[in-house]
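K.L.:
Next up is a structure, given as structure tokens.
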Amino acid sequence: MKLTIQVNEGPYQHQSSDSAYYFAKAALDKGHEIFRIFFYHDGVNNGTRLTTPPQDDRNIVARWSELAQAHDIDMVLCVAAAQRRGIVDDGEAERNGKDATNIAPGFRISGLGQLVEGAIQSDRLVVFGD
Amino acid sequence: MKLTIQVNEGPYQHQSSDSAYYFAKAALDKGHEIFRIFFYHDGVNNGTRLTTPPQDDRNIVARWSELAQAHDIDMVLCVAAAQRRGIVDDGEAERNGKDATNIAPGFRISGLGQLVEGAIQSDRLVVFGD
Amino acid sequence: MSGDTKKFLFINRKAPYGTIYAWESLEVVLIGAAFEQDVSLAFMDDGVYELAKGQDTTGIGMKNFSPTYSALGDYEITRIYVEKESLEERGLTLDDLQHLVWEDEDDDWAERDSIRLVSRAELGTVMAEQDVLFNF
Amino acid sequence: MSGDTKKFLFINRKAPYGTIYAWESLEVVLIGAAFEQDVSLAFMDDGVYELAKGQDTTGIGMKNFSPTYSALGDYEITRIYVEKESLEERGLTLDDLQHLVWEDEDDDWAERDSIRLVSRAELGTVMAEQDVLFNF
Amino acid sequence: MSMLHLVNKSPYENGNLNRASSVMNDGDALLLIEDAVYGAVKAGKASAMLDGCTVSVLGPDLAARGISEDKLADGVNVVDYAGFVELVEANDKVQSWL
Amino acid sequence: MSMLHLVNKSPYENGNLNRASSVMNDGDALLLIEDAVYGAVKAGKASAMLDGCTVSVLGPDLAARGISEDKLADGVNVVDYAGFVELVEANDKVQSWL
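Here it is as structure tokens:
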């Protein structure tokens, strides 16, 4: 089964991001393919490398980055949502005159078409949110 | 009347931040004093200078920064919440080994004691959230 | 439509302005239209409020995105399902909603209503017939 | 207590883990204890779930913060109101919750129950008597 | 000591308005903002929850949602943000039902 | 075409579980995750919403909240994340009631 997963909420405030992560991991463990993980709305906040969670808590962002790297998963932050929330890569920094970037490894910023394409190309779309 | 205002949600996803802003402005217009605005939970995301909202939309972060400057308001981002969400000033960047900062002008990062002190020192605590 | 076309239903269940979901959902719909899929929209629960007439956001400083719904016909979105029970519970009728239309090119561009008032049971059938459900 | 002491009530209405409010509320309570105010806690609606016994978060990878509630007595928090109607609706009794105690220094450190089971009406009275309500 | 009860969620999706209106004491006030303003529409089922309460509703939030004042339940008072501040001042404390 | 209905909010605060259970077609499945698992507790009022539905509940979310399996309503099936994936595969599409 080929999956696209959509994540609508940021890290820590809601469990959505945790649920999506464990679901993605279980799908990979069972041999399914994750076509794309699309972060929309506040979900784009999963893609900042500037978090420093408490020592005794999970590191949600690092966990996503490692999953992407280990399984070569395409993790996309919606560009319009990222602009509203302040998630920036080099290209966005240059286009919008920002003096810093904060995107985490393994994430890329792209358009909403990536979500629609994910839904077309995949057998299932699974949405996690508030 | 002396007020402390607490904001629990980030910009754009929920109206909470907008409501808090218009409430704060109206209180100032009526001659009340705002002792502090305390941003907690996802509310700390109001304090990133990296947002680029659409041209035809309000700029929530800039609006807060201007309000703080115009009225000399103490705007505090909770440090524990900011660390979880990745809002960083120079001190936090150094302490936590981050290679960038994203805090916006007019905000400072401090502890939860600032909220409790606000509640003690103010005539009213007004909380805006989801 | 080709065999590769999927039936997409965008399900709108949130009120506008209190949260951004309604607006950012609409952004997906407009982008999605370019992919030439078989797209419908459903409005149920508080989502029916998105279509309310006369929205004026001046006082809350937010962008009024409700005029965009009237452009959906131009994006060849011709089926907009509105759940009857959701309207009734909220004391609304179709008259409280925008009048959304599309132009039928097979009939000399005659204007046709986009909104289809359906019962909860009928909407359940519509949902069951889809390939993909987008939830907002 | 001095005349400057305020009566603080921390109102907990959210279930743990699904959202972070319960946990981050507890962090304020612990910090607030250092300010020597007159602090009480109230658990109502889904907030009563925060006190449930036997929480084991291993499978969801989150920190189990429920043991912290048993430390509240050490922070001199001796009044924890739990709403009866909220428990009943959810099929819970006090036996499903942690047994929270504090030690009474005026009575040779005798252990006393911190939890006070109150009706909705009684909790309304408690709320009315406060100076500041913290909402989570 | 009087309390201002603040509700911001739609009563059709969430129990907070019902909760707030059921615990209000005499002298307390209720203010509906954001999506909670739908609760003040007379023709809607939820307006029954307001019976017996002193209710205000935030005008800018009503207008944004296309609700004209003649649609409101009887006795509901429309205020602007300045009126919101006055309600906070007039009551001894605020309870935000989040 | 069968549907997996996914609910993640407590039925005591929010109407989504009620909504999902009222529109399920024959052959559809319901999975409760996150705070929605409280809806599967037999002694709770909300469990009545599950009557006649094929219901699964996510075990890790139950354990986190201190709910032992003997407290569940009759017929509720406990699954782990692998079982969640199997439910997604076994149904033609997923409806997340957010």
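Chains as they are written, first to last, in numbering that gives the first Met the number 0: chain W, 0 to 129; chain P, 0 to 129; chain X, 0 to 135; chain D, 0 to 135; chain V, 0 to 97; chain E, 0 to 97. Ideal Cβ placement from N, Cα and C applies to all residues, glycine included.
(1) For D88 (chain P), I'd like the list of residues in its chain whose CB is within less than 6 angstroms of its CB, leaving aside the five on either flank, ordered along the chain.
(2) Let me check one thing: in DSSP terms, what residues is M23 (chain V) bridge-paired to?
(3) So what does E88 (chain E) bridge to, in DSSP terms?
(4) Please name the residue, chosen from W:R35, W:S15, W:R62, W:I86, that lies closest to T50 (chain P) on a Cα-to-Cα basis.
(5) Let me confirm a value: R83 (chain W) is counted as buried when at least 16 other C-beta atoms fall within 10 Å, else exposed. Which label applies?
(6) Can you tell me where the beta strand (DSSP E) holding N95 (chain P) begins and where it ends?
(7) Using a threshold of 8 angstroms, state whether the C-beta atoms of V77 (chain E) and V125 (chain W) are closer than that.
(8) Do G53 (chain X) and G65 (chain V) have their C-beta atoms closer together than 8 angstroms?
(9) Does the Cβ of W108 (chain X) have 16 or more other Cβ atoms within 10 Å, making it buried, or fewer, making it exposed?
(10) With distance defined between alpha-carbon atoms, name the residue in X:V117, X:G90, X:A120 nearest to S46 (chain V).
(11) Under 8 angstroms, do A81 (chain E) and T53 (chain E) count as touching if we go by C-beta distance?
(12) For S1 (chain X), which residues in the same chain have their Cβ closer than 8 angstroms to its Cβ, ignoring the five residues on either side in sequence?
(13) Report the residues of the region 14-25 of chain X with a CB closer than 7 angstroms to any CB of chain P, ordered along the chain.
(14) Pull up the distance between the alpha-carbon of I19 (chain X) and that of N63 (chain X), whole angstroms please.
(15) Check whether the Cβ atoms of I32 (chain V) and S16 (chain P) lie closer than 8 angstroms to each other.
(16) So what does DSSP say about I66 (chain V), is it helix, strand or coil?
(17) Can you list, in chain order, the residues of its chain with a C-beta nearer than 6 angstroms to that of D79 (chain V)? Leave out the 5 residues immediately preceding and following it.
(18) Can you give the Cα-Cα distance for A89 (chain V) and Q120 (chain P), rounded to whole angstroms?
(19) Along chain W, which residues have their Cβ under 7 angstroms away from the Cβ of F42 (chain X)?
(20) For a contact meaning CB atoms closer than 9 angstroms, what does I59 (chain X) contact in chain P?
(21) Contact between the region 98-112 of chain D and the region 2-12 of chain V is defined here as three or more beta-carbon pairs at a separation below 8 angstroms; is this criterion met?
(22) Quick check on H31 (chain W): does DSSP put it in helix, strand or coil?
(23) Is the CB of D41 (chain W) under 8 angstroms away from at least one CB in chain D?
(24) Taking C-beta to C-beta, are G112 (chain W) and I30 (chain X) nearer than 8 angstroms?
(25) What residues in its chain sit with their C-beta under 8 angstroms from that of D55 (chain X), if we drop five residues either side in the sequence?
(26) Rounded to the nearest angstrom, how far is the Cβ of L122 (chain X) from that of A41 (chain X), given a contact under 8 angstroms?
(27) Under 8 angstroms, Cβ to Cβ, is there at least one residue of chain V near E12 (chain E)?
(28) Ignore the nearest five residues each way along the sequence and tell me which others in V47 (chain D)'s own chain have a CB closer than 8 angstroms to its CB.
(29) Looking at the structure shown, is T57 (chain X) part of a helix, part of a strand, or coil, going by DSSP?
(30) Can you list, in chain order, the residues of the region 50-79 of chain X whose Cβ is nearer than 9 angstroms to any Cβ on chain V?
(31) How would you label P52 (chain W), buried or exposed, when you count the other beta carbons within 10 angstroms and need 16 or more for buried?
(32) In whole angstroms, what separates the C-alpha of R12 (chain X) from that of M61 (chain X)?
(33) Is the CB-CB distance between L71 (chain E) and K44 (chain E) below 8 angstroms?
(34) Roughly how many whole angstroms lie between the Cα atoms of V87 (chain E) and G117 (chain W)?
(35) Compare the C-beta of Y37 (chain V) with all C-beta atoms of chain P and state if any pair is closer than 8 angstroms.
(36) Below 8 angstroms between beta carbons: does that hold for F106 (chain P) and L66 (chain P)?
P.N.:
In brief:
(1) Working through the second sequence from its first residue, we reach residue 88 (chain P) at position 89. T100, I102, I108, listed in sequence order.
(2) Stepping through the fifth sequence from its first residue, residue 23 (chain V) is reached at position 24. Answer is none; M23 (chain V) lacks a bridge partner.
(3) Counting from 1 along the sixth sequence, the entry for residue 88 (chain E) is found at position 89. Answer is none; E88 (chain E) lacks a bridge partner.
(4) Counting from one through the second sequence, the residue named residue 50 (chain P) turns up at place 51. Residue W:I86 is the option with its Cα nearest to T50 (chain P).
(5) Locating residue 83 (chain W) in the first sequence gives position 84, counting from the first residue. Label assigned to R83 (chain W): buried.
(6) Counted from its first residue, the second sequence places residue 95 (chain P) at position 96. It is not in any beta strand (DSSP E) - N95 (chain P) instead sits in the alpha helix (DSSP H) that spans 89-95.
(7) Numbered from its first residue, the sixth sequence carries residue 77 (chain E) at position 78. Numbered from its first residue, the first sequence carries residue 125 (chain W) at position 126. For V77 (chain E) and V125 (chain W), no; Cβs fall outside 8 angstroms.
(8) Walking along the third sequence from the start, residue 53 (chain X) turns up at place 54. Walking along the fifth sequence from the start, residue 65 (chain V) turns up at place 66. Contact: yes.
(9) The count along the third sequence starts at 1 and reaches residue 108 (chain X) at position 109. W108 (chain X) comes out exposed.
(10) Mapped onto the fifth sequence, residue 46 (chain V) falls at position 47. Ranking X:V117, X:G90, X:A120 by Cα distance to S46 (chain V) puts X:G90 first.
(11) Counting from one through the sixth sequence, the residue named residue 81 (chain E) turns up at place 82. Counting from one through the sixth sequence, the residue named residue 53 (chain E) turns up at place 54. No, Cβ-Cβ distance for A81 (chain E) and T53 (chain E) is not below 8 angstroms.
(12) Within the third sequence, the letter at position 2 stands for residue 1 (chain X). Below a pLDDT of 50, predicted positions are generally treated as unreliable, and S1 (chain X), at 46, falls in that range; no measurement from the model is reported.
(13) Y16, G17, T18, I19
(14) As a position in the third sequence, residue 19 (chain X) is number 20, starting the count at 1. As a position in the third sequence, residue 63 (chain X) is number 64, starting the count at 1. Cα to Cα, the separation comes out at about 12 angstroms.
(15) For the purposes of this step, residue 32 (chain V) is identified with residue 33 of the fifth sequence, where counting begins at 1. For the purposes of this step, residue 16 (chain P) is identified with residue 17 of the second sequence, where counting begins at 1. Not a contact, by the Cβ cut-off of 8 angstroms.
(16) Here residue 66 (chain V) refers to the residue found at position 67 of the fifth sequence. Correct three-state label for I66 (chain V): coil.
(17) Walking along the fifth sequence from the start, residue 79 (chain V) turns up at place 80. Excluding positions up to five away in sequence, the list reads G58.
(18) Here residue 89 (chain V) is taken as the residue at index 90 of the fifth sequence, counted from 1. Here residue 120 (chain P) is taken as the residue at index 121 of the second sequence, counted from 1. In a straight line, the C-alpha of A89 (chain V) is about 18 angstroms away from that of Q120 (chain P).
(19) Within the third sequence, numbered from 1, the residue matching residue 42 (chain X) stands at position 43. Those do not exist, as F42 (chain X) stays about 18 angstroms from chain W at its closest Cβ, beyond 7 angstroms.
(20) Taking the first residue of the third sequence as 1, we reach residue 59 (chain X) at position 60. Going along chain P in sequence order, the residues near I59 (chain X) (Cβ under 9 angstroms) are Q14, D17, S18, Y21.
(21) no
(22) Within the first sequence, the letter at position 32 stands for residue 31 (chain W). In this structure, H31 (chain W) counts as coil in the three-state DSSP scheme.
(23) Reading the first sequence from its first residue, position 42 is the one you call residue 41 (chain W). No, D41 (chain W) lies away from the interface with chain D (no Cβ there is under 8 angstroms from its Cβ).
(24) In the first sequence, residue 112 (chain W) corresponds to position 113, counting from 1. In the third sequence, residue 30 (chain X) corresponds to position 31, counting from 1. Yes, they are a contact pair.
(25) Locating residue 55 (chain X) in the third sequence gives position 56, where the first residue counts as 1. Excluding sequence neighbours, D55 (chain X) sits near N63.
(26) Within the third sequence, the letter at position 123 stands for residue 122 (chain X). Within the third sequence, the letter at position 42 stands for residue 41 (chain X). Indeed, because the Cβ distance is near 6 angstroms, the residues count as touching under 8 angstroms.
(27) In the sixth sequence, residue 12 (chain E) corresponds to position 13, counting from 1. It does; some Cβ of chain V falls within 8 angstroms.
(28) The residue you call residue 47 (chain D) lines up with position 48 of the fourth sequence. Within the same chain, V47 (chain D) has close Cβ partners V81, E82, S85, L86, R89, L91, L96.
(29) Locating residue 57 (chain X) in the third sequence gives position 58, counting from the first residue. Note: T57 (chain X) maps to helix in three-state DSSP.
(30) A51, K52, G53, Q54, D55, T56, T57, G58, I59, G60, M61, N63, S65
(31) The residue given as residue 52 (chain W) occupies position 53 in the first sequence. In summary, P52 (chain W) is buried, with 16 or more beta-carbon neighbours lying within 10 Å of its beta-carbon over all protein chains present.
(32) For the purposes of this step, residue 12 (chain X) is identified with residue 13 of the third sequence, where counting begins at 1. For the purposes of this step, residue 61 (chain X) is identified with residue 62 of the third sequence, where counting begins at 1. Spanning the alpha carbons of R12 (chain X) and M61 (chain X) requires a straight line of approximately 20 angstroms.
(33) Here residue 71 (chain E) refers to the residue found at position 72 of the sixth sequence. Here residue 44 (chain E) refers to the residue found at position 45 of the sixth sequence. Not a contact, by the Cβ cut-off of 8 angstroms.
(34) Counted from its first residue, the sixth sequence places residue 87 (chain E) at position 88. Counted from its first residue, the first sequence places residue 117 (chain W) at position 118. About 16 angstroms.
(35) Position 38 of the fifth sequence, counting from 1, holds the residue named residue 37 (chain V). With 8 angstroms as the cut-off, Y37 (chain V) does not count as an interface residue toward chain P.
(36) Position 107 of the second sequence, counting from 1, holds the residue named residue 106 (chain P). Position 67 of the second sequence, counting from 1, holds the residue named residue 66 (chain P). Going by C-beta atoms, F106 (chain P) is not nearer than 8 angstroms to L66 (chain P).
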